[in-house]
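In mature numbering (1 follows the signal peptide of the UniProt record, and there is no 0), the protein residues as written are -23 to -1, 1 to 263.
Structure first, then comments.
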């Protein structure tokens, strides 16, 4: 099969930033307060409409890029192809959190900002995405002949190069418009949630018959649990409580593992929604 990329559609991606898209509906009970109620109480109706338009535009951008790039390169419904798709997804998904911490460290170094809680939260999110990636690598290793490259060159090439450019784009956007950077990442995490949710429904029986990877057990139930709690437990960012309860994950089967990953993505998206309402303020005195 010859892959053909429709380049005529790419310039229109930027024009979709302010276009509408269907609203995102899933919720994870008990992890986040209702983001819509926070939005209504913390901003005017005009600001609410602007932010909604921005998020809808970002949702459309993410869906467009997914349809013209990833749906072609990572086509297939087998479990192995899903693992490869998730490997790419998790390689790219870490980049915004790296970008946020890089920018915040830079602003802290120049004396323009200092707020340890936000840095701690984004580092914990980075650590979470890293373990998602390690899980996918372990699954790919198990599903292939040990003498073969566990991740095909094309899959690695695309994921790593997209991640490289996405990192620098996220750095620039976060420097100029933190709320827009959070909005874009919210759209990415929503799409990740939907992708994992569809995978769980399609392969439920198989996943329930397989044991959870060792790296997943260690992260969710073992030595890595402290870092998981840093992401999902009470972390105060300004006036916003980014988590109202901790999550306890039972990670025994591969199905449990993917449920936890799916719910992590939803938690990330809800965190981004809340952080948009509490942008950090720079110290202009120095």
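The beta carbon of each residue, even a glycine, is placed where N, CA and C say it ideally should be.
Bear in mind the structure is a predicted one, so any value in this text is a computation, not a measurement.
Status (buried if at least 16 other CB within 10 Å, exposed otherwise) for residue i
i	result
residue 175	exposed
residue 183	exposed
residue 131	exposed
residue 164	buried
residue 147	buried
residue 134	exposed
residue 153	exposed
residue 254	buried
residue 186	exposed
residue 240	buried
residue 248	buried
residue 205	buried
Span of the alpha helix (DSSP H) around residue i
i	result
residue 73	72 to 86
residue 172	155 to 179
Distance between beta carbons of residue j and residue i, contact taken as under 8 Å
i	j	result
residue 190	residue 112	5 Å
residue 101	residue 208	4 Å
residue 107	residue 64	At roughly 13 Å, the Cβ-Cβ gap does not stay under 8 Å, so residue 107 and residue 64 are not in contact.
residue 72	residue 140	5 Å
residue 103	residue 143	With 8 Å as the limit, residue 103 and residue 143 do not qualify as a contact, their Cβ atoms being about 14 Å apart.
residue 168	residue 39	5 Å
residue 166	residue 246	4 Å
Backbone CA spacing between residue i and residue j [nearest angstrom]
i	j	result
residue 170	residue 242	5 Å
residue 78	residue 56	34 Å
residue 61	residue 43	15 Å
residue 68	residue 137	7 Å
residue 226	residue 194	9 Å
residue 88	residue 95	16 Å
residue 97	residue 36	27 Å
residue 232	residue 181	7 Å
residue 179	residue 200	31 Å
residue 29	residue 53	33 Å
residue 66	residue 105	13 Å
residue 150	residue 91	19 Å
residue 41	residue 50	14 Å
residue 158	residue 76	10 Å
residue 82	residue 34	29 Å
Per DSSP, cross-strand counterpart(s) of residue i
i	result
residue 129	For residue 129, which the question treats as bridged, DSSP gives no partner whatsoever.
residue 188	230
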